[in-house]
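Below: the structure, in structure tokens.
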Amino acid sequence: AHLIAKLEKDATLALRVMRYFEKVLEGDKESLAQHEERRKAAEARAAEEEAKRQAAEKAAEEARKALEEAEARRVAAEEQAEARRLEAEKAEKAKEAGQPVSEEKKKMLLEAVEKAEATEKAAEKQAKDSRKAFEEAEEERVKATEDAEAAKEEKKDAEESEEKLKKDVEKLAEELKEESKESGEEDDVNADHDDEGSEAKSGWIGTTKVLIFLIPLLLLLLGLLVFFVIRGRRKAEVKDDISIGEANAKSKNTKTAAGLDID
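Every letter in the sequence shown is one number past the one before it in full-length UniProt numbering, and letter 237, counting from 1, is 237.
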């Protein structure tokens with residue numbers, strides 16, 4: 001009965017383990033190794049996305065500085081062109097007022113205005129291109145930041161999922177340990193109760209072994225005894241038959257001798 005109870009307890013424990021692992025497999029659809037692979041992949045992706053974010057941030061910062069410089073050049077070129085236009089207008093007004101203005105000076109002022117306006121136009125184009133580059137770099141930075149944050153969250157989820165599964169396995173191992181400990185204590189108690197019965201059983205087994213050894217020996221000795229008894233009886237019977245025959249022969253001889261004497 002104790003053995004059956006122990007087997008039932010072991011079977012129940014094994015069933016609990018099986019059900020638990022079935023629950024883990026059905027709930028997570030992944031093993032510990034798969035969780036670890038997922039975490040490593042998430043860490044690699046997070047590191048890659050973080051590197052992209054940093055590169056995009058650096059590119060956006062460089063584009064911002066380039067835009068600031070282009071804007072500064074555009075403003076300077078605009079101011080320079082405005083100054084040259086004012087000088088040309090001033091010379092034109094002076095000429096209209098009857099003040100002497102040489103054609104050479106007028107030509108130089110017009111050339112300065114054209115050059116300043118060309119510089120202004122180039123600065124405006126450069127500033128426009130720089131602004132577009134900055135906007136694109138800023139978009140890349142925002143996207144890279146979002147991707148890095150998403151990868152970071154994925155990494156965090158993978159780590160938490162793996163940690164949770166590890167804790168569940170550790171908890172199960174602890175429960176199994178406690179269950180085994182309780183089972184061992186009950187086995188000790190049952191063993192104490194069964195000591196006397198075990199001793200009696202051991203004594204009975206020992207006696208049985210002795211009897212199993214002695215019975216064939218006793219039967220052999222008994223057989224030999226019967227054999228010798230029967231043999232002795234047969235010898236005695238033969239001896240008696242011989243003695244009777246000899247006695248009869250003697251008696252017959254005596255009778256014959258007596259008859260001869262009477263004659």
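From the three backbone atoms N, C-alpha and C, an ideal C-beta is built for every residue, glycine too.
Distance, Cα to Cα, Lys121 vs Lys107? The straight-line gap from Cα to Cα measures roughly 21 Å.
Closer than 8 Å by C-beta to residue 303: which residues in its own chain qualify, once you throw out the five before and the five after it? Chain order, please. Beyond the ends of the chain as shown, which are 1 and 263, falls residue 303; an answer cannot be given.
Do Thr145 and Arg45 have their C-beta atoms within less than 7 Å of each other? Contact: no.
Best match in Ala66, Glu174, Ala70 for proximity to Ala137 [C-alpha to C-alpha]: When only C-alpha atoms are compared, the closest one is Ala66.
So, does the stretch 34 to 50 touch the stretch 147 to 161, judging by three or more C-beta pairs under 8 Å? Taking 8 Å as the limit for Cβ pairs, the verdict is that the stretch 147 to 161 does touch the stretch 34 to 50.
Please name the residue in Lys40, Arg38, Ala60, Ala41 whose C-alpha comes closest to that of Arg131. The residue with the shortest Cα to Cα distance from Arg131 is Ala60.
Here's a check: name, in chain order, each residue in its chain whose Cβ is nearer than 6 Å to the Cβ of Ala97, leaving out the five neighbours to either side. The answer is none, since no qualifying residue turns up.
Tell me whether Lys201 is buried or exposed, calling it buried when 16 or more other Cβ atoms sit within 10 Å of its Cβ. Residue placement at Lys201 cannot be trusted, given a pLDDT of 43 that sits under 50; the coordinates are not used to answer.
Helix, strand or coil at Ser102 according to DSSP, with G and I counted as helix: For Ser102, the secondary structure class from DSSP, reduced to helix, strand or coil, is coil.
How many angstroms separate the CA atom of Glu178 from the CA atom of Lys58? Going by the C-alpha atoms only, they are around 57 Å apart.
Please report how far the alpha carbon of Glu37 lies from the alpha carbon of Ala158, in whole angstroms. Straight across, the Cα-Cα distance linking Glu37 with Ala158 is about 9 Å.
Assuming Ala47 is part of the alpha helix (DSSP H), what are its boundary residues? Start and end: 32 to 96.
Can the beta-carbon of Ala123 be found less than 7 Å from the beta-carbon of Arg64? Using a Cβ distance threshold of 7 Å, Ala123 and Arg64 do not count as a contacting pair.
In angstroms, rounded to a whole number, what distance separates the CA positions of Asp129 and Ala112? Distance between the alpha carbons of Asp129 and Ala112: 26 Å.
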